[in-house]
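Numbering (this note's numbering), first residue to last: 2 to 439.
Positions of the beta carbon are idealized from the N, C-alpha and C atoms, including for glycine.
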(Lines of atoms letter the chains of each structure in order from A and count residues from 1; the text may use other names and numbers.)
(Lines give C-alpha, C1' and ligand atoms only; values in the text may rest on other atoms or scores of the structure.)
Protein backbone atom coordinates (compact mmCIF):
# COMPACT_ATOMS: atom_id res chain seq x y z
CA UNK A 1 0.00 0.00 0.00
CA UNK A 2 2.89 2.35 0.82
CA UNK A 3 4.47 1.75 -2.61
CA UNK A 4 1.13 2.42 -4.32
CA UNK A 5 0.74 5.73 -2.48
CA UNK A 6 4.26 6.76 -3.54
CA UNK A 7 3.43 6.07 -7.21
CA UNK A 8 0.25 8.13 -6.90
CA UNK A 9 2.30 10.95 -5.28
CA UNK A 10 4.79 10.97 -8.19
CA UNK A 11 1.90 10.91 -10.67
CA UNK A 12 0.32 14.01 -9.14
CA UNK A 13 3.68 15.78 -9.10
CA UNK A 14 4.16 15.05 -12.81
CA UNK A 15 0.65 16.27 -13.57
CA UNK A 16 1.45 19.41 -11.56
CA UNK A 17 4.51 20.00 -13.72
CA UNK A 18 2.53 19.43 -16.90
CA UNK A 19 0.04 22.06 -15.78
CA UNK A 20 2.76 24.47 -14.63
CA UNK A 21 3.10 26.36 -17.92
CA UNK A 22 4.90 29.42 -16.42
CA UNK A 23 7.89 27.22 -15.52
CA UNK A 24 8.33 26.07 -19.11
CA UNK A 25 7.77 29.56 -20.49
CA UNK A 26 10.38 30.99 -18.10
CA UNK A 27 12.92 28.34 -19.16
CA UNK A 28 12.30 29.02 -22.85
CA UNK A 29 12.66 32.78 -22.40
CA UNK A 30 15.96 32.34 -20.55
CA UNK A 31 17.30 30.16 -23.37
CA UNK A 32 16.16 32.78 -25.89
CA UNK A 33 17.77 35.53 -23.75
CA UNK A 34 14.44 37.39 -23.59
CA UNK A 35 14.49 37.92 -19.84
CA UNK A 36 12.04 40.83 -19.85
CA UNK A 37 9.23 38.46 -20.90
CA UNK A 38 9.62 36.46 -17.69
CA UNK A 39 8.87 39.38 -15.41
CA UNK A 40 5.64 40.03 -17.31
CA UNK A 41 4.61 36.35 -17.11
CA UNK A 42 5.37 36.06 -13.41
CA UNK A 43 3.35 39.16 -12.57
CA UNK A 44 0.25 37.64 -14.16
CA UNK A 45 0.54 34.11 -12.74
CA UNK A 46 0.14 33.79 -8.97
CA UNK A 47 1.96 30.64 -7.92
CA UNK A 48 4.21 29.88 -4.91
CA UNK A 49 7.26 29.23 -7.10
CA UNK A 50 7.06 32.61 -8.86
CA UNK A 51 9.51 34.24 -6.43
CA UNK A 52 12.06 31.52 -7.17
CA UNK A 53 11.54 31.78 -10.94
CA UNK A 54 11.94 35.55 -10.75
CA UNK A 55 15.21 35.23 -8.82
CA UNK A 56 16.46 32.55 -11.23
CA UNK A 57 15.80 34.93 -14.12
CA UNK A 58 17.56 37.77 -12.27
CA UNK A 59 20.69 35.83 -11.36
CA UNK A 60 21.14 34.50 -14.90
CA UNK A 61 20.41 37.86 -16.52
CA UNK A 62 22.82 39.69 -14.20
CA UNK A 63 25.62 37.29 -15.21
CA UNK A 64 27.93 38.36 -12.31
CA UNK A 65 27.68 42.08 -13.11
CA UNK A 66 26.37 43.07 -9.65
CA UNK A 67 27.09 42.10 -6.07
CA UNK A 68 24.50 39.52 -5.07
CA UNK A 69 23.20 41.46 -2.04
CA UNK A 70 22.84 44.55 -4.22
CA UNK A 71 21.09 42.58 -6.96
CA UNK A 72 18.27 41.42 -4.67
CA UNK A 73 18.37 40.96 -0.89
CA UNK A 74 15.86 38.12 -1.18
CA UNK A 75 18.70 35.89 -2.37
CA UNK A 76 20.13 35.98 1.16
CA UNK A 77 17.02 34.51 2.80
CA UNK A 78 16.02 32.02 0.12
CA UNK A 79 15.25 28.54 1.47
CA UNK A 80 14.73 25.17 -0.16
CA UNK A 81 11.28 23.58 0.02
CA UNK A 82 11.82 19.84 -0.64
CA UNK A 83 8.08 19.12 -0.50
CA UNK A 84 7.52 21.34 -3.56
CA UNK A 85 9.53 19.79 -6.44
CA UNK A 86 9.23 22.88 -8.66
CA UNK A 87 10.62 25.17 -5.97
CA UNK A 88 13.30 22.66 -5.00
CA UNK A 89 14.44 22.34 -8.63
CA UNK A 90 14.61 26.13 -9.11
CA UNK A 91 16.31 26.59 -5.72
CA UNK A 92 19.19 24.26 -6.64
CA UNK A 93 19.61 26.03 -9.98
CA UNK A 94 19.81 29.40 -8.21
CA UNK A 95 22.41 27.95 -5.83
CA UNK A 96 24.39 26.64 -8.80
CA UNK A 97 24.51 30.04 -10.50
CA UNK A 98 25.25 31.72 -7.19
CA UNK A 99 28.32 29.52 -6.66
CA UNK A 100 29.42 29.76 -10.30
CA UNK A 101 29.20 33.54 -10.75
CA UNK A 102 29.36 35.05 -7.27
CA UNK A 103 30.92 32.71 -4.69
CA UNK A 104 33.37 31.28 -7.26
CA UNK A 105 33.05 27.70 -6.05
CA UNK A 106 32.83 25.42 -9.08
CA UNK A 107 32.54 22.27 -6.97
CA UNK A 108 29.46 23.48 -5.10
CA UNK A 109 28.03 24.89 -8.32
CA UNK A 110 28.37 21.49 -9.97
CA UNK A 111 26.78 19.73 -6.99
CA UNK A 112 23.83 22.15 -6.99
CA UNK A 113 23.22 21.76 -10.72
CA UNK A 114 23.49 17.99 -10.30
CA UNK A 115 20.82 18.05 -7.58
CA UNK A 116 18.51 19.98 -9.91
CA UNK A 117 19.20 17.44 -12.65
CA UNK A 118 18.45 14.60 -10.23
CA UNK A 119 15.06 16.11 -9.35
CA UNK A 120 14.21 16.53 -13.04
CA UNK A 121 15.21 12.91 -13.76
CA UNK A 122 13.03 11.56 -10.96
CA UNK A 123 10.07 13.52 -12.27
CA UNK A 124 10.78 12.50 -15.86
CA UNK A 125 10.44 16.18 -16.83
CA UNK A 126 12.46 16.50 -20.05
CA UNK A 127 12.31 20.31 -20.17
CA UNK A 128 13.76 20.49 -16.66
CA UNK A 129 16.43 17.88 -17.48
CA UNK A 130 17.36 19.91 -20.55
CA UNK A 131 17.83 23.16 -18.65
CA UNK A 132 19.71 21.47 -15.78
CA UNK A 133 22.17 19.95 -18.26
CA UNK A 134 22.50 23.27 -20.08
CA UNK A 135 23.54 24.87 -16.78
CA UNK A 136 26.15 22.13 -16.20
CA UNK A 137 27.56 22.63 -19.71
CA UNK A 138 27.75 26.38 -19.08
CA UNK A 139 29.81 25.67 -15.95
CA UNK A 140 32.19 23.42 -17.92
CA UNK A 141 32.56 26.08 -20.62
CA UNK A 142 33.97 28.48 -18.01
CA UNK A 143 37.03 26.27 -17.79
CA UNK A 144 36.89 26.44 -13.99
CA UNK A 145 36.31 22.77 -13.34
CA UNK A 146 38.59 20.00 -14.54
CA UNK A 147 36.31 17.16 -15.50
CA UNK A 148 36.97 15.12 -18.63
CA UNK A 149 33.51 13.60 -18.42
CA UNK A 150 31.80 16.65 -19.94
CA UNK A 151 31.18 14.44 -23.01
CA UNK A 152 28.75 12.38 -20.93
CA UNK A 153 26.71 15.49 -20.20
CA UNK A 154 26.80 16.48 -23.87
CA UNK A 155 25.42 13.04 -24.75
CA UNK A 156 22.69 13.38 -22.12
CA UNK A 157 21.84 16.86 -23.39
CA UNK A 158 21.64 15.53 -26.94
CA UNK A 159 19.08 12.94 -25.82
CA UNK A 160 16.76 15.63 -24.42
CA UNK A 161 17.25 18.14 -27.26
CA UNK A 162 13.97 18.62 -29.15
CA UNK A 163 13.81 22.16 -30.55
CA UNK A 164 16.06 24.10 -32.89
CA UNK A 165 17.13 26.18 -29.88
CA UNK A 166 18.20 23.02 -28.05
CA UNK A 167 20.28 21.87 -31.03
CA UNK A 168 21.85 25.31 -31.33
CA UNK A 169 23.15 25.06 -27.76
CA UNK A 170 24.23 21.46 -28.29
CA UNK A 171 26.55 22.34 -31.18
CA UNK A 172 27.69 25.58 -29.53
CA UNK A 173 28.86 23.82 -26.37
CA UNK A 174 30.25 20.88 -28.34
CA UNK A 175 32.56 23.26 -30.22
CA UNK A 176 33.41 25.35 -27.14
CA UNK A 177 34.18 22.35 -24.94
CA UNK A 178 36.40 20.69 -27.50
CA UNK A 179 38.79 23.51 -26.70
CA UNK A 180 40.36 23.36 -30.15
CA UNK A 181 42.14 26.47 -31.43
CA UNK A 182 42.20 25.63 -35.12
CA UNK A 183 40.36 28.03 -37.38
CA UNK A 184 37.30 27.19 -39.45
CA UNK A 185 39.38 27.27 -42.65
CA UNK A 186 42.19 25.16 -41.17
CA UNK A 187 39.82 22.34 -40.20
CA UNK A 188 38.83 21.94 -43.86
CA UNK A 189 42.45 21.23 -44.83
CA UNK A 190 43.23 18.81 -42.01
CA UNK A 191 42.98 15.04 -42.34
CA UNK A 192 43.19 14.41 -38.62
CA UNK A 193 40.00 12.72 -37.43
CA UNK A 194 39.35 15.16 -34.57
CA UNK A 195 39.70 18.13 -36.92
CA UNK A 196 37.37 16.54 -39.46
CA UNK A 197 34.83 15.97 -36.70
CA UNK A 198 35.14 19.60 -35.65
CA UNK A 199 34.66 20.72 -39.25
CA UNK A 200 31.43 18.71 -39.55
CA UNK A 201 30.25 20.08 -36.22
CA UNK A 202 30.75 23.58 -37.62
CA UNK A 203 28.80 22.60 -40.73
CA UNK A 204 25.93 21.29 -38.61
CA UNK A 205 26.12 24.42 -36.47
CA UNK A 206 25.83 26.48 -39.68
CA UNK A 207 22.82 24.41 -40.72
CA UNK A 208 21.06 24.96 -37.38
CA UNK A 209 21.63 28.72 -37.61
CA UNK A 210 20.20 28.79 -41.14
CA UNK A 211 17.00 27.19 -39.78
CA UNK A 212 16.80 29.58 -36.83
CA UNK A 213 14.70 32.70 -36.57
CA UNK A 214 17.16 35.49 -37.42
CA UNK A 215 15.83 37.57 -34.52
CA UNK A 216 16.95 35.04 -31.88
CA UNK A 217 19.36 36.84 -29.57
CA UNK A 218 21.37 33.70 -28.85
CA UNK A 219 22.68 33.89 -32.44
CA UNK A 220 25.19 36.42 -31.06
CA UNK A 221 27.03 33.38 -29.64
CA UNK A 222 27.31 31.88 -33.11
CA UNK A 223 28.86 34.94 -34.74
CA UNK A 224 31.18 35.48 -31.79
CA UNK A 225 32.28 31.83 -31.90
CA UNK A 226 32.93 32.04 -35.67
CA UNK A 227 34.90 35.25 -35.11
CA UNK A 228 37.15 33.53 -32.55
CA UNK A 229 37.85 30.70 -34.99
CA UNK A 230 38.62 33.10 -37.85
CA UNK A 231 40.68 35.81 -36.13
CA UNK A 232 44.09 34.18 -36.68
CA UNK A 233 43.67 33.53 -40.39
CA UNK A 234 41.37 36.38 -41.40
CA UNK A 235 41.22 39.26 -38.85
CA UNK A 236 39.05 41.44 -41.09
CA UNK A 237 36.45 38.67 -41.45
CA UNK A 238 36.58 38.15 -37.68
CA UNK A 239 35.86 41.86 -37.18
CA UNK A 240 32.74 41.57 -39.35
CA UNK A 241 31.57 38.59 -37.31
CA UNK A 242 32.16 40.36 -33.97
CA UNK A 243 30.23 43.41 -35.16
CA UNK A 244 27.44 41.12 -36.42
CA UNK A 245 27.34 39.50 -32.97
CA UNK A 246 26.95 42.95 -31.38
CA UNK A 247 23.78 43.68 -33.38
CA UNK A 248 21.90 41.25 -31.11
CA UNK A 249 22.86 43.05 -27.89
CA UNK A 250 20.23 44.87 -25.82
CA UNK A 251 20.35 46.99 -22.67
CA UNK A 252 19.84 43.88 -20.53
CA UNK A 253 22.59 43.37 -17.90
CA UNK A 254 23.23 39.98 -19.51
CA UNK A 255 24.87 41.63 -22.52
CA UNK A 256 27.28 43.76 -20.49
CA UNK A 257 29.90 41.00 -20.49
CA UNK A 258 29.17 40.25 -24.15
CA UNK A 259 29.91 43.92 -24.91
CA UNK A 260 33.11 43.78 -22.84
CA UNK A 261 34.48 40.66 -24.55
CA UNK A 262 33.46 41.91 -28.02
CA UNK A 263 35.37 45.18 -27.49
CA UNK A 264 38.42 43.22 -26.29
CA UNK A 265 38.28 41.02 -29.41
CA UNK A 266 37.92 44.05 -31.68
CA UNK A 267 41.05 45.38 -29.97
CA UNK A 268 42.82 42.11 -30.81
CA UNK A 269 41.80 42.51 -34.45
CA UNK A 270 43.12 46.10 -34.41
CA UNK A 271 46.46 44.86 -33.04
CA UNK A 272 46.75 42.30 -35.85
CA UNK A 273 45.95 44.98 -38.43
CA UNK A 274 48.34 47.53 -36.88
CA UNK A 275 45.54 49.92 -35.86
CA UNK A 276 46.78 50.43 -32.31
CA UNK A 277 45.07 53.75 -31.52
CA UNK A 278 41.75 52.21 -32.49
CA UNK A 279 42.61 49.11 -30.44
CA UNK A 280 43.34 51.20 -27.33
CA UNK A 281 40.06 53.08 -27.83
CA UNK A 282 38.18 49.76 -27.83
CA UNK A 283 39.86 48.82 -24.53
CA UNK A 284 38.95 52.14 -22.90
CA UNK A 285 35.32 51.50 -23.86
CA UNK A 286 35.57 47.96 -22.47
CA UNK A 287 36.39 49.39 -19.01
CA UNK A 288 32.76 50.52 -18.69
CA UNK A 289 31.63 46.90 -18.79
CA UNK A 290 34.02 45.38 -16.24
CA UNK A 291 32.10 42.83 -14.14
CA UNK A 292 31.74 43.59 -10.43
CA UNK A 293 32.45 39.96 -9.56
CA UNK A 294 35.22 39.44 -12.13
CA UNK A 295 36.96 42.82 -12.01
CA UNK A 296 40.43 41.34 -11.43
CA UNK A 297 40.18 39.06 -14.46
CA UNK A 298 38.67 41.75 -16.68
CA UNK A 299 41.26 44.40 -15.75
CA UNK A 300 44.02 41.81 -16.19
CA UNK A 301 42.91 41.15 -19.78
CA UNK A 302 42.71 44.88 -20.56
CA UNK A 303 46.25 45.39 -19.19
CA UNK A 304 47.60 42.51 -21.31
CA UNK A 305 46.04 43.87 -24.51
CA UNK A 306 47.26 47.40 -23.76
CA UNK A 307 50.80 46.09 -23.17
CA UNK A 308 50.67 44.40 -26.60
CA UNK A 309 49.53 47.60 -28.33
CA UNK A 310 52.14 49.84 -26.66
CA UNK A 311 54.90 47.33 -27.29
CA UNK A 312 54.07 47.16 -31.00
CA UNK A 313 53.87 50.97 -31.10
CA UNK A 314 57.38 51.14 -29.62
CA UNK A 315 56.19 52.93 -26.46
CA UNK A 316 58.04 50.58 -24.15
CA UNK A 317 57.55 52.50 -20.88
CA UNK A 318 53.77 52.23 -21.22
CA UNK A 319 54.10 48.63 -22.39
CA UNK A 320 56.17 47.79 -19.30
CA UNK A 321 53.69 49.64 -17.03
CA UNK A 322 50.71 47.64 -18.30
CA UNK A 323 52.69 44.40 -18.34
CA UNK A 324 53.61 45.05 -14.69
CA UNK A 325 49.93 45.76 -13.89
CA UNK A 326 48.94 42.52 -15.59
CA UNK A 327 51.54 40.61 -13.55
CA UNK A 328 50.27 42.10 -10.26
CA UNK A 329 46.71 41.23 -11.22
CA UNK A 330 47.87 37.70 -12.06
CA UNK A 331 49.30 37.37 -8.54
CA UNK A 332 46.01 38.64 -7.10
CA UNK A 333 44.02 36.21 -9.26
CA UNK A 334 46.24 33.30 -8.24
CA UNK A 335 45.93 34.29 -4.58
CA UNK A 336 42.15 34.53 -4.95
CA UNK A 337 42.04 31.17 -6.72
CA UNK A 338 44.34 29.44 -4.22
CA UNK A 339 42.52 31.00 -1.28
CA UNK A 340 39.23 29.67 -2.65
CA UNK A 341 40.79 26.25 -3.21
CA UNK A 342 42.33 26.23 0.28
CA UNK A 343 38.99 27.21 1.80
CA UNK A 344 37.29 24.43 -0.13
CA UNK A 345 39.96 21.93 0.95
CA UNK A 346 39.76 23.09 4.57
CA UNK A 347 36.00 22.79 4.48
CA UNK A 348 36.29 19.32 3.00
CA UNK A 349 38.91 18.34 5.61
CA UNK A 350 36.86 19.83 8.43
CA UNK A 351 33.84 17.94 7.18
CA UNK A 352 35.87 14.75 6.89
CA UNK A 353 37.35 15.33 10.37
CA UNK A 354 33.89 15.94 11.79
CA UNK A 355 32.60 12.83 10.07
CA UNK A 356 35.50 10.82 11.51
CA UNK A 357 34.87 12.26 14.97
CA UNK A 358 31.21 11.37 14.69
CA UNK A 359 32.10 7.87 13.50
CA UNK A 360 34.63 7.50 16.34
CA UNK A 361 32.08 8.80 18.84
CA UNK A 362 29.45 6.41 17.54
CA UNK A 363 32.00 3.59 17.64
CA UNK A 364 33.01 4.50 21.22
CA UNK A 365 29.37 4.64 22.26
CA UNK A 366 28.79 1.26 20.67
CA UNK A 367 31.86 -0.12 22.45
CA UNK A 368 30.73 1.38 25.76
CA UNK A 369 27.28 -0.03 25.19
CA UNK A 370 28.79 -3.42 24.37
CA UNK A 371 30.92 -3.25 27.51
CA UNK A 372 27.91 -2.32 29.61
CA UNK A 373 25.92 -5.12 28.07
CA UNK A 374 28.86 -7.46 28.61
CA UNK A 375 29.30 -6.30 32.19
CA UNK A 376 25.60 -6.63 32.76
CA UNK A 377 25.66 -10.05 31.24
CA UNK A 378 28.60 -11.03 33.42
CA UNK A 379 26.83 -9.67 36.48
CA UNK A 380 23.68 -11.48 35.53
CA UNK A 381 25.66 -14.59 34.75
CA UNK A 382 27.60 -14.20 37.99
CA UNK A 383 24.40 -13.65 39.91
CA UNK A 384 22.90 -16.65 38.21
CA UNK A 385 25.91 -18.78 38.93
CA UNK A 386 25.98 -17.50 42.51
CA UNK A 387 22.32 -18.20 42.89
CA UNK A 388 22.76 -21.64 41.38
CA UNK A 389 25.80 -22.29 43.56
CA UNK A 390 23.95 -21.24 46.72
CA UNK A 391 20.92 -23.23 45.69
CA UNK A 392 23.06 -26.20 44.86
CA UNK A 393 24.93 -25.93 48.17
CA UNK A 394 21.65 -25.71 50.01
CA UNK A 395 20.37 -28.73 48.15
CA UNK A 396 23.58 -30.58 48.85
CA UNK A 397 23.37 -29.69 52.51
CA UNK A 398 19.75 -30.77 52.70
CA UNK A 399 20.63 -33.90 50.82
CA UNK A 400 23.52 -34.57 53.17
CA UNK A 401 21.29 -33.96 56.14
CA UNK A 402 18.71 -36.29 54.66
CA UNK A 403 21.40 -38.83 53.93
CA UNK A 404 22.69 -38.50 57.46
CA UNK A 405 19.18 -38.92 58.80
CA UNK A 406 18.73 -41.93 56.59
CA UNK A 407 22.04 -43.36 57.80
CA UNK A 408 21.00 -42.74 61.37
CA UNK A 409 17.67 -44.34 60.63
CA UNK A 410 19.48 -47.23 59.01
CA UNK A 411 21.72 -47.61 62.02
CA UNK A 412 18.76 -47.44 64.38
CA UNK A 413 16.92 -49.94 62.24
CA UNK A 414 19.97 -52.15 62.16
CA UNK A 415 20.35 -51.92 65.93
CA UNK A 416 16.69 -52.67 66.37
CA UNK A 417 16.99 -55.56 63.95
CA UNK A 418 20.02 -56.80 65.86
CA UNK A 419 18.14 -56.42 69.14
CA UNK A 420 15.18 -58.26 67.66
CA UNK A 421 17.51 -60.95 66.36
CA UNK A 422 19.11 -61.28 69.82
CA UNK A 423 15.73 -61.29 71.48
CA UNK A 424 14.49 -63.84 68.96
CA UNK A 425 17.59 -65.90 69.58
CA UNK A 426 17.04 -65.65 73.32
CA UNK A 427 13.39 -66.62 72.85
CA UNK A 428 14.40 -69.48 70.58
CA UNK A 429 16.97 -70.60 73.19
CA UNK A 430 14.44 -70.41 75.99
CA UNK A 431 11.93 -72.40 73.91
CA UNK A 432 14.58 -75.06 73.23
CA UNK A 433 15.41 -75.12 76.90
CA UNK A 434 11.70 -75.60 77.69
CA UNK A 435 11.49 -78.43 75.22
CA UNK A 436 14.53 -80.05 76.80
CA UNK A 437 13.06 -79.62 80.35
CA UNK A 438 9.65 -81.04 79.26
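Residue nearest to residue 249 within the set 263, 238 and 55 is 263 (criterion: CA-CA distance). Rounded to the nearest whole angstrom, the CA to CA distance from residue 70 to residue 78 is 10 Å. Rounded to the nearest whole angstrom, the CA to CA distance from residue 229 to residue 280 is 17 Å. Taken through DSSP and simplified to helix, strand or coil, residue 169 comes out as helix. The continuous alpha helix (DSSP H) containing residue 237 extends over residues 236-247. Beta-carbon to beta-carbon, residue 34 and residue 219 are separated by about 6 Å, close enough to satisfy the 8 Å threshold.
Counting only runs that start and end inside the stretch 48-100, there is no beta strand (DSSP E) element of at least 3 residues.
According to the DSSP assignment, residue 23 belongs to the alpha helix (DSSP H) that extends over 22-32. CA-to-CA, the gap between residue 156 and residue 143 works out to about 19 Å.
With respect to the 9 Å criterion, residue 31 and residue 58 are classified as neighbours on the basis of their beta carbons.
Residue environment for residue 304: buried (at least 16 other C-beta atoms within 10 angstroms of its C-beta). For residue 324, the CB contacts under 6 Å within the same chain, skipping 5 residues up- and downstream, are 308 in chain order.
Under the 8 Å Cβ criterion, the stretch 309-328 does not count as touching the stretch 290-298, having fewer than three qualifying pairs.
Taking the CA atoms as reference points, residue 154 sits about 28 Å from residue 257. CA-CA distance, residue 302 to residue 116, rounds to 34 Å. In the three-state reduction of the DSSP assignment, residue 276 falls in the coil class.
Residue state for residue 152 is assigned as helix, using DSSP reduced to three classes. In this structure, DSSP gives residue 305 a helical state, which the three-state scheme calls helix.
One thing to note: residue 121 has its Cβ no nearer than 9 Å to the Cβ of residue 168. If you look at residue 40, you'll find it in the alpha helix (DSSP H) that goes 36-45.
Contact between residue 330 and residue 300 holds: their C-beta atoms lie close to 6 Å from each other, under 8 Å.
Residues 100 of the same chain have their beta carbon placed closer than 6 Å to that of residue 106, with the five preceding and five following residues left out of the count.
Taking every protein chain shown into account, the CB of residue 83 has fewer than 16 other CB atoms within 10 angstroms, so this residue is exposed.
With at least 16 other beta carbons inside 10 angstroms of its own, residue 66 counts as buried. When secondary structure is reduced to three states using DSSP, residue 228 falls in the helix class.
Here residue 96 has 113 as same chain residues with Cβ atoms under 6 Å from its own Cβ, once five neighbours each way along the sequence are excluded.
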